[in-house]
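Before any comments, here is the structure.
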Amino acid sequence: MQALVVSNIESRRTEYFIKAGKEIGIDTRFATYQELEKGLSAYQHLLIKLEPPVYSVSDFSIYQKLCDEYIRLLERLGEIKKAPSTLFLNEPGRLICSLDKAESKSVLTGLAVTPLVSSTISCFDELMELPDKQKRKGLFIKPRYGSGAGGIMALKQHPKTGELAVYTTLLQSGEDFLNTKQIHHLKCKEKIARYADMVLGAGVIVEEWLPKDEYKGEKYDLRVVCQFGKVEHIVVRYSKAPITNLHLNNKAGNFEELATNKTFYNEVEALCLEALKRSGLHYAGIDVLIERDSQKPYIIEINGQGDHIYQDMYKENNIYKEQLLTIHRHEDRHAGSCRKAGYPDALSGYAPV
């Protein structure tokens, strides 16, 4: 078996996936999406991992266009007829679903997920028509497509004065709105309206703001990496602000600091593994919020390319190794049936339908 890791350019993700392959004796190479699209129909006995494109742009509008282009690319890849012996670690169609936050929530209906308020609000005036009770509790406004914190706005209304406050990674520069690695606090209603109109116009979901649990005075949530029916790694993401994504220079910690009892871990594990199964993904990074008062875990979102964990990658690199080894073991044991069916036998419960 050979493996191919794909993106628009080489990165630490692709570098360490290739490194994992070399360490366990699996020929693993890099290809661009352009090369993959051109050669996919001819590939044989190949495992393909699709990594997200690396973008250097900070302009929010341009970034959203690039996200749209990536989804179109995944659609084209999904339409190409490939050999049964060529496998995607995560199928393009499943990745598209995970990149669509509204569709992802629909797939996870019935599980504990952060409550969806609306997926149709398109301007600030419509947002303000929501009941004051919801605005006082707080709202998260997220671009519908893509991953990460780009374009997110966390909004709250003061219960007595009615004044609005927003936390966001966006910063206006002239006519442009830029994604930054910092969280900015907005208080001016007119300024908030400008930002909101721009984000809402791109297509969003609006979620209820659930208060996050705290540990040693900092809010936190979890990135839970699941693959092939098990939890592989958990990272705790700390922040004093509402948005905890690690690329915003927030702190990362170990789950063992929090997991004081087995029941807590079991609840998180069961929730995430059911979400993984429903998603049709073989691996995913699942963001989990622990609600402050109830201590109940809620899924924030599921990311079909969210397995990039520095704490693991720079040490044992087990996440990437296990992805390659799992497929390799089943290729060895069930080579005939795997190649005929196009998917490893033991993974059939998670295969696209």
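Taking our numbering, the leading residue of the sequence shown gets 1491, the next gets one more, and so forth.
Ideal placement from N, C-alpha and C gives every residue a C-beta, glycine not left out.
These numbers come from a predicted model, not from an experiment.
With 16 or more neighbouring CB atoms inside 10 Å of its own CB, Asn1580 falls in the buried class. In the displayed model, Thr1753 falls within a helix according to three-state DSSP.
Taking 7 Å as the cut-off, the beta carbon of Gln1534 is found closer than this to the beta carbon of Ala1573. Annotation: Ser1608 is outside any alpha helix (DSSP H); the continuous beta strand (DSSP E) that includes it extends over Leu1606 to Ser1608. DSSP places Ser1501 in the coil class of the three-state scheme, outside both helix and strand.
Contact annotation: the region 1698 to 1710 touches the region 1618 to 1635, with at least three C-beta pairs closer than 8 Å. Distance from the CA atom of Leu1668 to the CA atom of Ser1612, rounded to whole angstroms, is 20 Å. The shortest C-alpha to C-alpha distance from Thr1504 to any of Gln1492, Arg1519 and Ile1514 is the one to Arg1519. With 16 or more other CB atoms across the displayed protein chains lying within 10 angstroms of its CB, Asn1793 is buried. The C-beta distance from Leu1761 to Ala1602 rounds to 6 Å, short enough to meet the 8 Å contact threshold. Distance from the Cα of Leu1530 is smallest, within the candidate group Ile1642, Glu1764, Glu1697 and Ile1570, for Ile1570. Its Cα nearest to that of Asp1797, the residue Lys1811 stands out among Lys1786, Lys1811, Ser1663 and Tyr1788.
Nearest neighbour of Ile1631 by Cα position, chosen from Arg1727, Val1726 and Glu1697, turns out to be Glu1697. Judged by their CB atoms, Gly1775 and Val1715 are nearer to each other than the 7 Å cut-off. Look at the beta carbons and you see the region 1766 to 1784 touching the region 1715 to 1726: at least three pairs across the two are nearer than 8 Å.
For Pro1633, the secondary structure class from DSSP, reduced to helix, strand or coil, is strand. Burial is judged here by how many other beta carbons sit within 10 angstroms of a residue's own beta carbon; Ser1546 has fewer than 16 and is exposed. Here Thr1658 is near His1674, since their CB atoms are less than 7 Å apart.
Taken through DSSP and simplified to helix, strand or coil, Tyr1657 comes out as strand. DSSP, read as helix, strand or coil, puts Ile1642 in coil.
About 12 Å separates the Cβ atoms of Ala1692 and Met1643, ruling out a contact at the 8 Å cut-off. Excluding the 5 residues flanking it on each side, Leu1563 has same chain C-beta neighbours closer than 8 Å at Tyr1523 and Glu1527, in chain order. For secondary structure counted as the alpha helix (DSSP H) over 4 or more consecutive residues, the region 1511 to 1547 holds these complete runs in sequence order: 1523 to 1529. In the same chain as Leu1748, and ignoring 5 residues on each side of it, the C-beta atoms closer than 7 Å to its own belong to Tyr1705 and Val1726, in chain order.
Cα atoms of Leu1589 and Ile1561: separation of roughly 8 Å, rounded to the nearest angstrom. The continuous beta strand (DSSP E) containing Val1694 extends over residues Val1694 to Glu1698.
In terms of CA proximity to Ser1637, Cys1557 leads the group Ala1765, Cys1557 and Ala1521. It is roughly 32 Å from the alpha-carbon of Asp1802 to the alpha-carbon of Ile1695. When DSSP states are grouped into helix, strand and coil, Arg1713 belongs to the strand group. Apart from the 5 residues on each side of it in sequence, Lys1623 has no Cβ closer than 7 Å to any other Cβ in its chain. Counting C-beta atoms within 10 angstroms of its own C-beta, Tyr1804 has fewer than 16 neighbours from the protein chains shown and is therefore classed as exposed. At least 7 Å separates the beta-carbon of Ser1594 from that of Pro1543.
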